[in-house]
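Residues 4 to 371, numbered by the working numbering, are exactly what the sequence shown covers, in order.
Heads up: the structure comes next, in structure tokens.
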Amino acid sequence: MDADVIVVGGGVIGTAIAWRAATAGRDTVLLDPGEAAEKASEVAAGMLAPVSESVFGEENLLALNLRALDRFPSFAEELEAAAGFHVGLRTEGTLNVALDSGDLAALRRMGEFRRGIGLPAEEVTGRECRRLEPFLASNVAGGLLAKGDLSVDNRRYTRTLRAAAARAGVREMTGRATAIDGGTVHTPERTITAATVVAAPGNGVTRLDGIPGPVRKAIRPVKGQILRVRHPGTIPPVATRTIRAMVVGREAYLVPREDGEIVIGATQEERADRDITVGAVHDLLGDARAVLPAVSELILAETSVGLRPGSTDNGPVVGREGEDLIIAAGHFRNGILLSAVTADAVTALLDGKDPAPEWAPFTPGRFQ
Ligand code: GLY
Numbered sequence: 004m005d006a007d008v009i010v011v012g013g014g015v016i017g018t019a020i021a022w023r024a025a026t027a028g029r030d031t032v033l034l035d036p037g038e039a040a041e042k043a044s045e046v047a048a049g050m051l052a053p054v055s056e057s058v059f060g061e062e063n064l065l066a067l068n069l070r071a072l073d074r075f076p077s078f079a080e081e082l083e084a085a086a087g088f089h090v091g092l093r094t095e096g097t098l099n100v101a102l103d104s105g106d107l108a109a110l111r112r113m114g115e116f117r118r119g120i121g122l123p124a125e126e127v128t129g130r131e132c133r134r135l136e137p138f139l140a141s142n143v144a145g146g147l148l149a150k151g152d153l154s155v156d157n158r159r160y161t162r163t164l165r166a167a168a169a170r171a172g173v174r175e176m177t178g179r180a181t182a183i184d185g186g187t188v189h190t191p192e193r194t195i196t197a198a199t200v201v202a203a204p205g206n207g208v209t210r211l212d213g214i215p216g217p218v219r220k221a222i223r224p225v226k227g228q229i230l231r232v233r234h235p236g237t238i239p240p241v242a243t244r245t246i247r248a249m250v251v252g253r254e255a256y257l258v259p260r261e262d263g264e265i266v267i268g269a270t271q272e273e274r275a276d277r278d279i280t281v282g283a284v285h286d287l288l289g290d291a292r293a294v295l296p297a298v299s300e301l302i303l304a305e306t307s308v309g310l311r312p313g314s315t316d317n318g319p320v321v322g323r324e325g326e327d328l329i330i331a332a333g334h335f336r337n338g339i340l341l342s343a344v345t346a347d348a349v350t351a352l353l354d355g356k357d358p359a360p361e362w363a364p365f366t367p368g369r370f371q
């Protein structure tokens, strides 16, 4: 036996699980294919915004996301203490804005829904929106302020998780798992064994022998193109909180970082290529400028693309599949947000306990 636990997948989910497993005293191997550019968590915006990322009819996912939002700050605090770095957690909330009366009516309905389930969703006028965010477009008609939303610098967060995992004794190995067979993981180069294998390979789950067929079939890549812009030294920050809007029927978000970067996203495309297209960059920049015209003065620093691992019901897939296999997959648009509670759930499963009740609808068995 090479370890107590092998975690397959070195993205945010796998690394969070490995850190917690090692912290609990388990001899843990993290098997990482090593291609940073292929990880959805490197491309993500890092919004911790449960309501904005759920849609009507996804109440179970919303309940899980709310638990995740509640858990994230204490998890991040422990992580920062363990690694000695900051993850860039921001607490200014999200401002959803509407650019015309139709959007405003939809936003008001969303506000009623949120308040109806006890969430903070304060209606604000266009003038109040511009007081909160002075660089907003002059035609912003009104908004909805979600004070409880957070955001995190996804890249700092994953770097911090990796450092904490190493400090806790996680042994990182580079390799792409092709099959799991009992407690054995096969890569083209080696075979390693453990008491328990945790499969957290993102979209790689669809190509991993040993994962039940219905789970493999339930996951699909959903392409997201995303931009990063930065302030030149001469310009003060043009946004202080996450800003979201619908622009000509497209969802747009701008997520500011402490260091002056703003993440602008994102497309949602049912395809699996990694091409960055002229049309997507044009639309993302156009939508961002429609909401926050001062974006025109910023530096276009990066265009990137990721493949979100989405399941057929948009929910994650976390649970035991037999004696020696745990699956943690399908985190779709919520990988960063759900990382802490997924690590908690897998810790519970490793301890022979049930995860928190919010996980009950998200077992692998639901696809059988
Ligand atoms: N969570 C943001 C996105 O998936 O675009």
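We put the beta carbon where it would ideally sit given N, CA and C, even for glycine.
Owing to the predicted nature of the structure, the values given are computational and were not obtained by experimental measurement.
Proximity of the region 286 to 296 to the region 158 to 174 falls short of the contact definition, fewer than three beta-carbon pairs being nearer than 8 Å.
Counting every other CB atom within 10 Å of its CB across the protein chains shown gives residue 59 a total below 16, marking it as exposed. Put simply, the backbone Cα of residue 370 is about 29 Å away from that of residue 22. Taking all protein chains shown into account, residue 115 has fewer than 16 neighbouring C-beta atoms within 10 Å of its C-beta and is therefore exposed. Residue side-chain check: residue 223 keeps its Cβ at 7 Å or more from all non-hydrogen atoms of ligand 1. Cβ neighbours of residue 276 within its own chain (closer than 8 Å, five residues either side excluded): 226. For the options 74, 50, 303, 37, the alpha carbon positioned closest to that of residue 348 is the one of 74.
Per the C-alpha coordinates, the member of 44, 336, 332 positioned closest to residue 54 is 336. Per DSSP, the beta bridge partners of residue 256 are 247, 268. Between the beta-carbon of residue 299 and that of residue 46 there is about 24 Å, and that puts the pair past the 8 Å contact cut. In the displayed model, residue 189 falls within a strand according to three-state DSSP. Excluding residues up to 5 positions away in sequence, 255, 257, 267, 298 lie with their Cβ nearer than 7 Å to the Cβ of residue 291 in the same chain. With respect to the 8 Å criterion, residue 178 and residue 65 are not classified as neighbours on the basis of their beta carbons.
For residue 50, the shortest separation between its Cβ and any heavy atom of ligand 1 lies below 7 Å.
A contact between stretches requires three or more CB pairs, one per stretch, nearer than 8 Å, and the region 218 to 225 meets this requirement with the region 303 to 322.
In this structure, residue 227 has its beta carbon less than 7 Å from a heavy atom of ligand 1. Bounds of the alpha helix (DSSP H) holding residue 113 are 104 to 119.
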